[in-house]
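J.: Pasting a structure below so you can have a look.
Number of protein chains: 2
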Amino acid sequence: MDETSALTAFAALSNESRLRVVKALVEAGPDGLSAGEIAERLGATPSRASFHLSALADAGLVTSTKQSRSVRYAVRFEAMGGLARYLLEDCCKGNATARSCCG
Amino acid sequence: MDETSALTAFAALSNESRLRVVKALVEAGPDGLSAGEIAERLGATPSRASFHLSALADAGLVTSTKQSRSVRYAVRFEAMGGLARYLLEDCCKGNATARSCCG
DNA sequence: AATATATTTCAAGAATCATTGAAATGAAAG
DNA sequence: CTTTCATTTCAATGATTCTTGAAATATATT
């Protein structure tokens, strides 16, 4: 994860709708959710959900796979962990206090 | 760390100038840097540096302490770790792939 | 007291981001 | 092949964020 990717990922997670999407996808498990299901849970228009899903996908935090006529989204845990690693190692240089979050 | 604080922290870190400030403060160690030194490293006007420093302080990611006529800023490692923890535990529910960043 | 230094605050404008609804795309069903 | 369903794209508008320079604040020095 380089600085540019980290900036994009932080920006993606700095929006309430998008953070809620990520949490819903984590809850949903490996099969994830379709764009429509996500829009419904968000109480958002399809267009609005699609906008936020694109931001998350561009940041590499979710995958999208087309299945017949719907699109399923799932969280990319390795990207989430990669961002946490960036925070702890690249930003904080492995500082012990910061790393205590790894418990 | 609640969701609102996490959103503010992600927003704070989603800006290149502010991410550079955090890295500079980590490099600088416990004594941190003055607002003027930070502005200089950033190649930014004092006003612009102050704007970004306020965002980082509001997010709880840095502390500011007035020392005679300058203001010293330092990184709050527990807040950085708290954000990483939020990412791994609250968002990812402790998922093992995400947590592998703790290596 | 007057001046210099360090920083913040403020107002204005530029740039970016988010929401909306309509139109476009594409895949399935009748 | 037309219609329906799921999603994305687009253009317009509104909202937020960023930058700039000037003015304000506060502390130190002469």
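Which chain is which? The protein sequence lines are A and B, in order.
Residue 16 in UniProt numbering sits at position 16 of the first sequence, and the numbers go up by one each step.
Residue 13 in UniProt numbering sits at position 13 of the second sequence, and the numbers go up by one each step.
The C-beta atom is built at its ideal place from N, Cα and C for all residues, glycine as well.
1. Any idea which residues DSSP pairs Ala-74 of chain A with across the strands?
2. Find out if the Cβ-Cβ distance for the pair Leu-88 of chain B, Cys-102 of chain A is shorter than 9 Å.
3. Consider the Cβ of Phe-11 of chain A: report whether some Cβ of chain B lies at a distance smaller than 9 Å.
4. Please look up how many angstroms separate the CB atoms of Leu-61 of chain B and Ala-12 of chain B, rounded, as I've assumed it's under 8 Å.
5. Nearest to Ser-100 of chain B by CA position, among A:Phe-10, A:Arg-85, A:Ser-100, is which residue?
6. Below 9 Å between beta carbons: does that hold for Ala-55 of chain B and Arg-18 of chain B?
7. Output the distance between the C-alpha atoms of Lys-23 of chain B and Gln-67 of chain B, rounded to the nearest integer angstrom.
8. I'd like to know whether the C-beta atoms of Thr-65 of chain A and Arg-76 of chain A end up nearer to each other than 9 Å.
9. Need the endpoints of the alpha helix (DSSP H) that Ala-12 of chain A sits in, please.
10. How big is the Cα-Cα spacing for Ser-70 of chain A and Glu-27 of chain B?
T.: Quick look at the numbers:
1. Beta bridge pairing from DSSP links Ala-74 of chain A with A:Thr-63.
2. In contact: Leu-88 of chain B and Cys-102 of chain A (Cβ atoms closer than 9 Å).
3. At residue 11 of chain A the sequence reads Ala, which differs from the Phe that was named. Contact of Ala-11 of chain A with chain B is assigned, a C-beta pair being separated by under 9 Å.
4. Confirmed, Cβ separation roughly 6 Å.
5. With distances taken between Cα atoms, Ser-100 of chain B lies closest to A:Arg-85.
6. Contact check for Ala-55 of chain B against Arg-18 of chain B passes: the beta carbons are separated by less than 9 Å.
7. The straight-line gap separating the alpha-carbon atoms of Lys-23 of chain B and Gln-67 of chain B is approximately 22 Å.
8. No, they are not a contact pair.
9. Where Ala-12 of chain A is concerned, the enclosing alpha helix (DSSP H) stretches over 3-13.
10. In a straight line, the C-alpha of Ser-70 of chain A is about 48 Å away from that of Glu-27 of chain B.
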